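I have placed the structure first, in the form of structure tokens, so that the comments after it can refer back to it.
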Amino acid sequence: MADAAPVGRAEEHRFFTGLALAMLGLTVLGFSRTYLLVPQLGLPADTLPFTPLVHLHAAVAFGWCLLFVMQAWLVASGRTLQHRKVGVLGVALYVALVLLGPFVAINATARYGAPPDELAFLAVSVGNIVAYTLLFGAALYWRRRPDVHKRLMLLGMVAMLTAPFGRLFALPYQLDHVVGPGLVVAALVWWDHRALGRMHPVTYYGGPAILLWELLPNAYMTTSWWMSIARWLVSTIAG
């Protein structure tokens, strides 16, 4: 196999910053009709009014996306010291995401009366929360390894992108949670081959793993044992 063409740090920074901006744009697009433009367009059919908790969760999640872009820009502009200092805010937002994510998902299920389809979909919501919690946590742990850190952060964003992509189009068997976010994985695979001539281990193992993880709930989301767990979560946390 031929060696990869030399890639400078400036080109690398442009790629990761551009990808961060693209993910922010997709997030805004995905939530535009169901959240951001609701004051102008009204609530979608069969949607309950938003609670303060939902607004808080939205602020934290969008804040995380904006911080992700800002951190990529700081590194690209050579401001690594500021990047590390701002990372303290990232830890606070990470904790807020981890705490608010499951609480909002479970309370939303309870507000809709916990019908079977909502209880089943809770497997997807909780699965995504587990995925980005682990990936962002691993990225924080490996923060002194930039090549590992940035790829883990991107894969964590893949787990978060399933929500906005799921609002753009619907496919059976949760495939919309794979097809859309899979574009980010494909971009990372392309970049690795462009810059390294091979896939980075994080991309090689983590890319397929996060996409398969998104399909995993299909195997159990309608089973009796998951329904029992989902009902217990709703009664315990939102009861």
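Here my numbering is used: the first residue of the sequence shown is -16, the next is one more, and so on. Glycine is no exception: its CB is placed at the ideal position from the N, C-alpha and C atoms. For clarity, every value in this text was computed on a predicted model and none was experimentally measured.
>> Can you tell me where the alpha helix (DSSP H) holding D175 begins and where it ends?
In response: Position 192 of the sequence shown holds residue 175. Start and end: D159 to A178.
> How about L31 and R(-8): do their beta carbons lie closer than 8 Å?
Replying inline: For the purposes of this step, residue 31 is taken as the residue at position 48 of the sequence shown. For the purposes of this step, residue -8 is taken as the residue at position 9 of the sequence shown. Taking 8 Å as the Cβ cut-off, L31 and R(-8) do not qualify as a contacting pair.
> Counting Cβ pairs, one atom from each stretch, are 3 or more of them under 8 Å apart for the stretch 121 to 135 and the stretch 215 to 222?
Replying inline: no
> How is the alpha helix (DSSP H) around V185 delimited, first residue to last?
Replying inline: In the sequence shown, the residue the question calls residue 185 occupies position 202. Note, V185: premise wrong, no alpha helix (DSSP H); not H, not E.
> Candidates L144, G120 and T92: which alpha carbon is nearest L216's?
Replying inline: As a working note, residue 216 is residue 233 in the sequence shown. For the residues L144, G120 and T92, the minimum Cα distance to L216 belongs to T92.
>> Considering only their Cβ atoms, is the gap separating V43 from L76 smaller than 8 Å?
In response: As a position in the sequence shown, residue 76 is number 93, starting the count at 1. As a position in the sequence shown, residue 43 is number 60, starting the count at 1. Yes, these two residues count as a Cβ contact at 8 Å.
> Y124 lies in the alpha helix (DSSP H); which residues open and close that run?
Replying inline: Position 141 of the sequence shown, counted from the start, is the residue given in the question as residue 124. Taken as a continuous stretch (DSSP letters only), the alpha helix (DSSP H) holding Y124 covers P99 to Y124.
>> Would V52 and L4 be called neighbours here (beta carbons separated by less than 8 Å)?
In response: One-based indexing of the sequence shown puts residue 52 at position 69. One-based indexing of the sequence shown puts residue 4 at position 21. Closer than 8 Å, so yes.
> Among the residues of its own chain, which have a CB less than 6 Å from the CB of A213, if the five just before and after it don't count?
Replying inline: Here residue 213 is taken as the residue at index 230 of the sequence shown, counted from 1. L102 and L105, listed in sequence order.
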